[in-house]
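*Asks:*
Protein chains in written order, with my numbering: chain A, 1 to 324; chain B, 1001 to 1324.
1) From which residue to which residue does the beta strand (DSSP E) around residue 197 of chain A run?
2) Are three or more beta carbon pairs between the segment 1124–1136 of chain B and the segment 1103–1114 of chain B nearer than 8 Å?
3) Could you tell me whether the segment 1240–1250 of chain B touches the segment 1155–1168 of chain B, using the rule of 3 or more Cβ pairs below 8 Å?
4) Ends of the alpha helix (DSSP H) at residue 1333 of chain B?
5) Could you work out which residues of chain B lie near residue 193 of chain A, taking near to mean beta carbons separated by less than 9 Å?
6) Starting from residue 1187 of chain B, follow its DSSP beta bridges and name the residues at the other end.
7) Looking at chain A, is there any beta carbon in it that lies within less than 7 Å of the beta carbon of residue 1187 of chain B?
8) Quick check on DSSP: helix, strand or coil for residue 1166 of chain B?
9) Taking only runs of the alpha helix (DSSP H) that begin and end inside the segment 229–266 of chain A, which ones reach a length of at least 4 residues, in chain order?
10) Between the C-alpha atoms of residue 1145 of chain B and residue 1121 of chain B, what's the straight-line distance to the nearest angstrom?
11) Can you list the beta strand (DSSP E) stretches of 3 or more residues lying completely in the segment 280–308 of chain A, in chain order?
12) Does the Cβ of residue 1095 of chain B have 16 or more other Cβ atoms within 10 Å, making it buried, or fewer, making it exposed?
13) Ignore the nearest five residues each way along the sequence and tell me which others in residue 1316 of chain B's own chain have a CB closer than 6 Å to its CB.
14) Measuring straight from C-alpha to C-alpha, what distance separates residue 39 of chain A and residue 1257 of chain B?
15) Excluding the 5 residues preceding and the 5 following residue 1115 of chain B in the sequence, name in chain order all residues of the same chain whose CB lies nearer than 6 Å to its CB.
16) How about residue 83 of chain A: is its C-beta nearer than 7 Å to some C-beta of chain B?
17) So the candidates are B:1202, B:1250, B:1203, B:1226; which of them puts its Cα closest to the Cα of residue 1187 of chain B?
18) What are the partner residues of residue 155 of chain A, as DSSP defines its beta bridges?
19) If you run the structure through DSSP and keep just helix, strand and coil, what is residue 2 of chain A?
20) Would you say residue 1300 of chain B and residue 1255 of chain B are within 7 Å of each other, going by their C-beta atoms?
21) Output yes if chain B places a C-beta closer than 7 Å to the C-beta of residue 256 of chain A; else output no.
22) Measuring straight from C-alpha to C-alpha, what distance separates residue 287 of chain A and residue 1306 of chain B?
23) Find the nearest neighbour of residue 328 of chain A within the set A:314, A:93, A:77, A:226, judged by alpha-carbon distance.
24) Could you check the C-alpha separation between residue 212 of chain A and residue 1290 of chain B for me, to the nearest Å?
25) Just the Cα atoms here: how many angstroms apart are residue 189 of chain A and residue 141 of chain A?
26) Closer than 7 Å, CB to CB, is residue 1296 of chain B near chain A or not?
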């Protein structure tokens, strides 16, 4: 069995709203071949699958053909592990319930497995990253949105319907900031996503008109966590306040998550992590402050060890090794 | 194996701050023999264990002796499943880390297992109650405090340190009501425990001095969820408002929990459940309102099917059937 796995490969496919990236991965997490196609270009699902097949087939041939491939793992928004379907994904053009695994398996002649992108990232982190050897951890992805993947007892928590782990939509500030996509108020994603950080920066500038700040040189559209970081590095107080405010809310949310599943670690992933200690320190402070003593100073708060460009492919491919 | 289990018994012990109750239970959940001793009377742990032994031994003999007993399951505050220890339980007189399982096993000559009372209740509900056959559910105990036990993938979630599932201490209203025990503000327990319901009743009476209410006939100390229920049944608006407010906060918290582990059901247990639809309806309404559409109208919100007096013993005893 060990020999078979070490000689074989897994395909990892990450389906984003804009692009789909894929690669052929060995059991140690090395990506041997990679490629990408547009997602949004293909409104008709069958054409998308055809294009994916045409782009992947040469890579499969280069790896030795189907007999060296154990299967295909896919990360996609609203991906349901149990049914292998994508269900009502707001950022994809294909509407309703899409039987993606069935279509992929039929087209490629290979077994396939599907889950949402954050769950895939968590599995990737457990196999190849900062969570190697951990049986209980939570992965939080801080990007355009806020996603999560939860591992407990060494297993991904899928829930009864395959949709567990939507922690970005937990309500942290009741009646707080409006989430344009969901209509909910005060969810974690409204504060700790890229859009959330921008909104906080704009809010703080408006609330403190007397305070000079490097951030004022930028248009609202230009402001992202990278810009806020660049200002913070130069000692800009308002920029630092943006991270402190974001960290305070993130830390409070993480404390709640810890009191749910008592993980060994929380692993942060995504664009906001590039802000390093500016976001990590206030987050950790708020997290500890909101924990029961029994949980304090026990949980590692760390950044992902996977390269952002690789993580999506690695995570998706990692699903394959558990395929029966 | 099936025969062996059907011929044997498990002991269930529930350690509360005031009393300890115990019983001998068969694999179908029938309690054959039961008893109780004081917990708080025994400041010295060894004397408590001696008294427990002296009270249980006649029951064990009546059941046929140790060879018919598979083991001892214990529910206790801050009970750690992995280590079999009670750690820093604020409501018990024994300080520090108590190696309870070691002491019990040595005294009784039987294997033992320990977890916190809400976790034990969840296991009991899965084996004998409303969660029979479910692999993903959350048990919320609404009593003096608010506790929880979480089952995912058919297993109790213990977390890396054995302390998972302290959902009563999740912060639901940041900077909200003070929790006298923990010093935290706005935790679920400050609103949805017995003390929380009383505090809400008093607050609403003070905030609406012009509003007549049957609740005003009672002293603050007399008010509990039973009194509020009795008033609500008579159509008292303020009493109904107490449940609506409590349910709104509980429902919001439950929505967050659902977006974590996507359970098939949430099972409510404890004193507050006696208020029936007065608490269930506003809770369900707030729960659905705070869920992402993908989770709406999917999760059963139900009351425990175990008798409150039996649940603690049954839950603790249920731990035994998994003992190796």
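For glycine and all other residues, C-beta sits at the position ideal for the given N, C-alpha and C.
*Replies:* With the structure as the only source:
1) From DSSP, residue 197 of chain A is part of no beta strand (DSSP E) but of the alpha helix (DSSP H) over 194–207.
2) no
3) no
4) Absent from the model: residue 1333 of chain B. The displayed extent of chain B is 1001 to 1324, so no value can be given.
5) Simply none; closest approach about 15 Å.
6) B:1171
7) no
8) coil
9) 237–261
10) 14 Å
11) 300–303
12) exposed
13) 1012, 1013, 1014, 1073, 1074, 1075, 1120
14) 33 Å
15) 1079, 1081
16) no
17) B:1250
18) A:152
19) Low local confidence applies: a pLDDT of 41 at residue 2 of chain A is under 50, so the model's placement there is unreliable, and no value is given.
20) no
21) yes
22) 36 Å
23) This structure cannot settle anything about residue 328 of chain A, because the visible part of chain A is limited to 1 through 324.
24) 38 Å
25) 10 Å
26) no
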